[in-house]
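Before any comments, here is the structure.
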Amino acid sequence: MTGGGEMKKQISVKKISFAGALLLGINGIIGSGIFLLPGHLFQEAGSYSILAILFAGLATLMIALNYAVMASKMDDDGGAWTYAYRAFGSLAGFQTGWFGWFLGVITISAEIAAFLTTLAGFMPLTSQSLTYKLIALSIITMIGIINLFGPSFVTYLDDLSSALKVVILCIFIIAGAVALSHFKVTFGHHATTGHGFTGAFVTAFYMFTGFSFLPNVAGQMKNAAKALPRVIIITMIAVSLIYVATQTVTIEFLGNSLAGEKLPVAAAFGIIGGQMGQSLILSGMLVSILGVAIAVSFDTPVELASMAREHQLMPDWLARQNRYGAPYWAIILTTALAGGLVVSGEYIFLVKLIVFSSFIQYIATIASLIKLRNDQTLGVGMRLPGGLLLPIASLLLITYLLTSFAMVTVLIGLGFAAVGLVIHEVERAIKQKNK
2 MTGGGEMKKQ
12 ISVKKISFAG
22 ALLLGINGII
32 GSGIFLLPGH
42 LFQEAGSYSI
52 LAILFAGLAT
62 LMIALNYAVM
72 ASKMDDDGGA
82 WTYAYRAFGS
92 LAGFQTGWFG
102 WFLGVITISA
112 EIAAFLTTLA
122 GFMPLTSQSL
132 TYKLIALSII
142 TMIGIINLFG
152 PSFVTYLDDL
162 SSALKVVILC
172 IFIIAGAVAL
182 SHFKVTFGHH
192 ATTGHGFTGA
202 FVTAFYMFTG
212 FSFLPNVAGQ
222 MKNAAKALPR
232 VIIITMIAVS
242 LIYVATQTVT
252 IEFLGNSLAG
262 EKLPVAAAFG
272 IIGGQMGQSL
282 ILSGMLVSIL
292 GVAIAVSFDT
302 PVELASMARE
312 HQLMPDWLAR
322 QNRYGAPYWA
332 IILTTALAGG
342 LVVSGEYIFL
352 VKLIVFSSFI
362 QYIATIASLI
372 KLRNDQTLGV
382 GMRLPGGLLL
392 PIASLLLITY
402 LLTSFAMVTV
412 LIGLGFAAVG
422 LVIHEVERAI
432 KQKNK
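Take 2 as the starting number for the sequence shown in our numbering and just add one per residue.
Written as structure tokens, this is what we have:
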């Protein structure tokens, strides 16, 4: 998923070069967040939003290195939930996978919300409640139908959107830098509080959530044990610099009017390139965001089906496939829940839910690393300098950030966990009875 980036990507068996891994990492992280969130970040933290992005990038780097260690020790498909299953057993593995699926569903909803927010730049009617809901449900239904017929179209659109989002940001940053060189650069100050900065810091995490994809390709990298840490570090630095440059340019061009701006990158580019430039950016954003939504919608049902197939943590029927190899029941459930979320929550609300669910995944992975670090039945894998210092520091940071979420977000998370607990216990009872 996602900065709303792609959650995962199907990788061929051909070995990936160092440069190829860097490009995959950058592409996997960059998503809709950088196009839509600069205004919200500025509203929360003013010019300090730039620091919030930098700190979020640094914190994500810490967490990503923990993921890299686990990926180097275990090559199981499924990521965080397979780590938790191995370390803590069935219930922990189920809940981690359950939240992983929920994370994918929310990401689909958030990307559709981002698409409709962007579309409103062309068609203001889209922002009206009824029109918004009808278009949202139509798009999600279309995406579900596409997924029932296999991955070929998904792969094509994913590749197209991947190129577009990076090209758009590069054009914006370069054009903005050139334009700013002709003006006096003055950083407008914006009042901020500690709470506002923490809120911006947490929100900025959304723009980096796609990092969890990168450690999963360790098995396809050349000399992964040495290359993966360098790839992660360089990727996070590169993405952070792109985000900081984008935030800086939007602040310089929009000033205090950036606060609350729903389409900040497009609005800033409108000053640089006029109406034509703004329309060009909006068009590229639409294709890019829709491509991310479709790519995530392909991976999310697969994760749910894998829980049913690999360790029988979900009902068997969720792993059933049609003649195109698509897990149709998992796709139907994913599509239905994504549709319900997109019509009931705004983009920023969905972003907060995504970050909360991501934190659950992070905690499970880091706790698994601490538990399995000396497991002799696993591969040696890569080692972190400082032993347990980085995992413990990462856990403490995430625990602190969890206290910043609104009560409604926490209650939704607890409710989803409770539903998962019921499903797990019922499924376990059924399987024990059938033995």
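Note that CB positions come from ideal geometry on N, CA and C, so glycine has one too.
- Taking C-beta atoms as the reference points, Ala327 and Ala320 fail to come closer than 9 angstroms.
- Distance between Gly388 and Ala394, taken at the CA atoms: about 11 angstroms.
- Put simply, the backbone Cα of Val240 is about 6 angstroms away from that of Ile27.
- Arg321 carries a coil assignment under DSSP once its states are collapsed to helix, strand and coil.
- At the C-beta level, Pro316 and Glu428 come within 9 angstroms of one another.
- Contact between Gly80 and Tyr86 is absent: CB atoms are separated by about 11 angstroms, not below the 8 angstroms threshold.
- Between Glu262 and Gly40 a beta carbon distance of about 4 angstroms is seen, short of the 8 angstroms cut, so the two are scored as contacting.
- Taking 9 angstroms as the cut-off, the beta carbon of Phe206 is found closer than this to the beta carbon of Ala60.
- Proximity of the stretch 105 to 123 to the stretch 337 to 352 meets the contact definition, three or more beta-carbon pairs being nearer than 8 angstroms.
- According to the DSSP assignment, Glu347 belongs to no alpha helix (DSSP H), since it is labelled neither H nor E.
- Between the stretch 249 to 261 and the stretch 127 to 136 there are fewer than three inter-stretch CB-CB distances shorter than 8 angstroms, so the stretches are not counted as touching.
- By a beta-carbon distance limit of 8 angstroms, Ile109 contacts Val297. Their separation comes to about 5 angstroms.
- Under a 10 Å Cβ-count criterion, Gln279 is classified as buried, with 16 or more other Cβ atoms of the shown protein chains found around its own Cβ.
- Closest by C-alpha distance to Leu165, out of Gln362, Leu398, Val293, Leu397, is Val293.
- Ser358 is the residue among Thr378, Ala419, Ser358 whose C-alpha sits nearest the C-alpha of Ile107.
- Residues of the same chain with a CB within less than 7 angstroms of the CB of Ile364, apart from the 5 flanking positions on each side, are Leu396, Ile399 in chain order.
- Annotation for Leu138: the continuous alpha helix (DSSP H) segment containing it runs 130 to 149.
- Burial is judged here by how many other beta carbons sit within 10 angstroms of a residue's own beta carbon; Asn67 has at least 16 and is buried.
- Membership of Tyr49 in any alpha helix (DSSP H) is not indicated, and neither H nor E is assigned to it by DSSP.
- By the beta-carbon neighbour count (other beta carbons within 10 angstroms, threshold 16), Trp102 is buried.
- Taking a contact as a CB-CB distance under 8 angstroms, the pair Phe202 and Ala53 counts as one, their CB atoms being some 5 angstroms apart.
- Counting the other CB atoms within 10 Å of its CB gives Lys353 a total of 16 or more, which places it among the buried residues.
- The DSSP-derived three-state label of Ser369 is helix.
- Straight across, the Cα-Cα distance linking Leu37 with Ile272 is about 17 angstroms.
- Of the candidates Ile234, Leu415, Thr410, Leu24, the residue whose Cα lies closest to the Cα of Ile355 is Thr410.
- In the three-state DSSP reduction, Leu314 falls in the coil class, being neither helix nor strand.
- Non-local beta-carbon contacts of Ala306 in its own chain, meaning distances under 7 angstroms to residues more than five positions away in sequence, involve Leu319, Ala320, Pro328, Ala331 in chain order.
- When only Cα atoms are considered, Ile235 and Ile431 end up about 48 angstroms apart.
- Within the same chain, and ignoring the five residues on either side of Thr127 in sequence, the residues whose Cβ sits closer than 8 angstroms to its Cβ are Leu117, Leu120, Ala121, Tyr133, Ile136.
- Ile282 is not a Cβ neighbour of Ile174, given a cutoff of 9 angstroms.
- Contact check for Trp99 against Ile367 fails: the beta carbons are separated by 9 angstroms or more.
- A Cβ-Cβ distance of about 31 angstroms is found for the pair Met286 and Ala69, leaving them out of contact under the 8 angstroms criterion.
- Look at Thr404 here: in three-state DSSP terms it is coil, with no helix or strand label.
- Between Gly340 and Ile141, the C-beta gap is smaller than 9 angstroms, which places the two residues in contact.
- In the three-state reduction of the DSSP assignment, Gly197 falls in the helix class, which pools H, G and I.
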